[in-house]
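Numbering (this note's numbering), first residue to last: 2 to 237.
The beta-carbon is built from N, C-alpha and C at its ideal position, and this holds for glycine as well.
Here the structure is a predicted model, which means the values were calculated and not measured.
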Ligand SMILES: Nc1ncnc2c1ncn2[C@@H]1O[C@H](COP(=O)(O)OP(=O)(O)O)[C@@H](O)[C@H]1O
Ligand SMILES: [Mg+2]
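Encoded structure:
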């Protein structure tokens, strides 16, 4: 359902992504791994259209989206939870959630706004208590729950999660991990997860893509690529 073909991307003249290729099947959970600075976030930015691709192709649901605008990609089912959340600080929690709902494809409008919101509130009950608060005053954990809730409201086909538990208090980390495990069980959408924690990655991923210096250095199904091998690749 997603295919990257020899994607090259630059920040200015710095060549960051080098012939990045990998695929994701419908409903699959893929973990994108690698040390800090190897290009994981940059890879997600090329997928969402926030960073242009210099050469190569991105195919999503059989369609070439390489040059499509960010909002079009969102409407076609690509949802993004960026590293550091990036929720809109002056909008309330409810307004931030609405932004996700408005990206829902027309076809799924059989679900009412109330039903769609209720699903998110079931996952993250805390949000119901802070609906009228501006996003900017929330704690890191609350912001992350809001960012994931907003992504889910768009009814994605592929959810991009960039280090969703980074810098969040441990009690909320467990809750967020449980929610992601629930997403996997539901198989409603595929997940591309950037994750530093090997333990959580090993528990969740059906496939690994391991990057080094802007390139994919190994990829494969979890049973072909044992946790030990992943560890080895990450430490070289
Ligand atoms: N906005 C930017 N402008 C210039 N260089 C950047 C920018 N963002 C990231 N980089 C550089 O691109 C490389 C990859 O960064 P990134 O994709 O954020 O890595 P990761 O997410 O794997 O930690 C790093 O060398 C980083 O310094
Ligand atoms: Mg990153």
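Worksheet item: Are residue 88 and residue 148 close, meaning C-beta to C-beta below 8 Å?
Response: yes
Fill in: Backbone CA spacing between residue 5 and residue 145 [nearest angstrom]
27 Å
Worksheet item: Taking all protein chains shown into account, do 16 or more other C-beta atoms lie within 10 angstroms of the C-beta of residue 113, making it buried, or fewer, making it exposed?
Response: exposed
Item to complete: Compute the beta-carbon to beta-carbon distance between residue 3 and residue 25, rounded to the nearest angstrom, for a pair I have assumed lies under 8 Å.
Response: With a Cβ gap of about 4 Å, residue 3 and residue 25 count as contacting.
Fill in: Beta carbon of residue 98 nearer than 8 Å to that of residue 150
yes
Fill in: Counted within 10 angstroms of its Cβ, other Cβ atoms place residue 90 as buried (16 or more) or exposed
When all chains shown are included, residue 90 counts as exposed.
Worksheet item: Any heavy atom of ligand 1 closer than 7 Å to the CB of residue 17?
Response: yes
Worksheet item: With a cut-off of 8 Å, do at least 3 Cβ pairs link the region 27–45 to the region 191–203?
Response: These segments touch.
Item to complete: Report yes if the C-beta of residue 12 is less than 7 Å from at least one heavy atom of ligand 1; otherwise report no.
Response: yes
Worksheet item: From this set, 73, 7, 102 and 36, which residue's C-alpha is nearest residue 57's C-alpha?
Response: 7
Worksheet item: By Cβ distance below 6 Å, which residues in the same chain neighbour residue 84 in space, the five residues on each side in sequence not counted?
Response: 42, 163 and 164
Fill in: Cβ distance (whole Å) where residue 49 is taken to contact residue 73 below 8 Å
With a contact defined as Cβ atoms closer than 8 Å, residue 49 and residue 73 miss out at about 11 Å.
Fill in: Coil, strand or helix - residue 171 by DSSP
helix
Discussion item. Just list the residues that DSSP pairs residue 192 with in beta bridges.
Written reply: 30 and 160
Worksheet item: Under 8 Å, do residue 208 and residue 221 count as touching if we go by C-beta distance?
Response: yes
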